[in-house]
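First comes the structure, then the notes that go with it.
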Amino acid sequence: MWYGVLGTKELLHRTYKNLEQRVLLECDGRPIPLPSLQGIAVLNIPTNFWGGTKEDDTFAAPSFDDKILEVVAVFGSMQMAVSRVINLQHHRIAQCRTVKITILGDEGVPVQVDGEAWIQPPGYIKIIHKNRTQTLTRDRLQAFESTLKSWEDKQKCEFPQPSLPPQPETVSEDEALLVSEFGQAAGALIHIREVAQFHHSMEQELAHAVNASSKAMDVVYAKSALSCSSVVHMVSDVKALLSETELLLAGKMQLDPPQQDQLNAALGSVAQELRRLSDVPWLCPVIDPSDQELADFSKRSQSGKFRLVSKFKKDKNNKNKEMCATLSLPGTEEVGAWLDFLCLSEYKDIFSGHDVRGAELIHLERRDLKDLGVTKVGHMKRILQGVKELTRSSSASEA
């Protein structure tokens, strides 16, 4: 109703009806004489304000990808209201790549850019075509909609979760001390967000893991007494952050020497505290979920500089053979345990729902992971690296 009142008032008393006397318009550096108007619209899309979608002897057809701006006159609020209904008066001012509007006098004029309007004080406004970006649109075809709904329904199916050993009701003093020292080391690693401010790719890849770890630590230390379940979640989230950070550094990420030293020190400290926590019986399944059979797959990279993932056991040749034999079995539970070790438990249900077993696992490619719903680059690299380790270990055991 209030908009109706304002609209009626605008029809009776036209504000800024002599706008051409208060502004100067330049298109590509050339002054443009203006008719009596109430507004100027600068557009980059086909619109009825332009008066049509076809070209003529003077102007080209409007388009959103020709890097040309359309400058159109607005003669009143009625034109704005019914421009999509009937063909009213149109005035094409210009087509250009640079628009400069100079506001004269001592009073500002209202300006709006894709949102809420404001009063722009005297000065000038310069509009240029800077770049283009790709956008996504939803495919509303029935086949796609039904497929998407079927996939979403599958994600909601509940699969039995692996049972964890019983947790004690209280945390002992020695265990609380270990958890406290682990929390201090994890806190230093979470400050990776300061480094990520200068490396947007790192911020994009690690934002979820950093936020999850920070939230889990807040839950643990929100109460005076430690809760075993909250400690388990914190250790799991920090371990995932550790793995993702190491995998990212093992790639093409280049940091300044001070930042790199700081990050390496934080990673080494967390890895050391994880090794100490592995002696806690109710935390061992979280830190080493494969019961010592997947320990050697924690070596993510062949680069010695970033080889900071904790190694819990040393007998790697035997363990690699056992792991290859386990994953060659026709079952999905072993694949789930492998994903647990990679700290990618969120994909266990997806792999199980698609019946991905050991034989299928070693043949997975990037496009297969995308079809399974693995979209994060860091997660995809971690899975492919793990598959590569499985294939390499399998070949070595056969030899």
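Per full-length UniProt numbering, the sequence shown starts with residue 1, numbered consecutively.
Virtual Cβ for every residue (Gly too), placed ideally from N, Cα, C.
According to DSSP, is residue i helix, strand or coil?
| i | result |
| --- | --- |
| W338 | helix |
| Q38 | coil |
| L226 | coil |
| K388 | helix |
| I86 | Bear in mind that a pLDDT of 48 at I86, under 50, signals an unreliable position, so the model cannot answer this. |
| P110 | strand |
| G123 | strand |
| R366 | helix |
| I190 | helix |
| I45 | coil |
What does residue i pair with, by DSSP beta-bridge criteria?
| i | result |
| --- | --- |
| C343 | DSSP output for C343 lists no bridge partner at all. |
| C96 | L69 |
| residue 437 | Residue numbering for the chain in the displayed model covers 1 to 399; residue 437 lies beyond these limits and cannot be assessed. |
| I128 | T98 |
| R30 | C27 |
| W282 | In the DSSP output, where bridge partners are listed per residue, W282 has none listed. |
| I103 | V23 and G123 |
So, residue i versus residue j, is the Cβ gap smaller than 8 Å?
| i | j | result |
| --- | --- | --- |
| L242 | L189 | yes |
| A216 | D237 | yes |
| T245 | L267 | yes |
| V356 | V335 | yes |
| R97 | K54 | no |
| L69 | I32 | no |
| I40 | I119 | no |
At the level of alpha carbons, what is the spacing between residue i and residue j?
| i | j | result |
| --- | --- | --- |
| S230 | V179 | 11 Å |
| C343 | H379 | 9 Å |
| I125 | K376 | 40 Å |
| A73 | L136 | 31 Å |
| L263 | R276 | 20 Å |
| G386 | E205 | 18 Å |
| D371 | T133 | 25 Å |
| Y221 | V235 | 13 Å |
| L24 | R30 | 11 Å |
| S303 | R382 | Confidence at S303 is low in this model, with a pLDDT of 38, below 50, so the placement of that residue is unreliable and no value is reported for it. |
| L384 | L249 | 16 Å |
| A94 | P257 | 53 Å |
| S298 | E389 | Confidence in S298 is poor, its pLDDT being 41 and thus under 50, which makes the residue's placement unreliable; the coordinate value appears in the next sentence. Roughly 10 Å between the two C-alpha positions. |
| N44 | T58 | 18 Å |
| G76 | Q112 | 16 Å |
| L247 | L339 | 15 Å |
| V171 | V280 | 10 Å |
| V42 | M202 | 37 Å |
| Q254 | D261 | 12 Å |
| F341 | K348 | 11 Å |
| H91 | D28 | 19 Å |
| A207 | A186 | 15 Å |
| residue 401 | R366 | Since the first and last residues shown for the chain are 1 and 399, residue 401 lies out of range. |
| P285 | S278 | 8 Å |
| P122 | D56 | 36 Å |
| L361 | A337 | 13 Å |
| E175 | A359 | 40 Å |
| I350 | Q38 | 58 Å |
| A212 | D368 | 27 Å |
| E181 | S345 | 26 Å |
| S224 | D218 | 12 Å |
| H354 | A265 | 40 Å |
From the options, pick the residue whose C-alpha is nearest to that of residue i; which is it?
| i | options | result |
| --- | --- | --- |
| Q21 | D106, I68 and T375 | D106 |
| V109 | L34, R366, I93 and K17 | K17 |
| T391 | R367, G29 and H363 | H363 |
| S269 | D349, I383, N211 and Q184 | Q184 |
| S352 | D340, F64, P257 and T332 | T332 |
| A240 | S214, C228 and L361 | S214 |
| H233 | S224, L255 and A209 | A209 |
| H191 | Q254, E181, Q259 and A250 | Q259 |
| W282 | C228, L247, N44 and G115 | C228 |
| L19 | I45, I103, F59 and A94 | I103 |
| D65 | E175, K130 and E181 | K130 |
| V99 | L369, E175, E26 and D174 | E26 |
Taking 8 Å as the CB-CB limit, is residue i close to chain C?
| i | result |
| --- | --- |
| H363 | Of the protein chains in this structure there is only one, and it is not chain C. |
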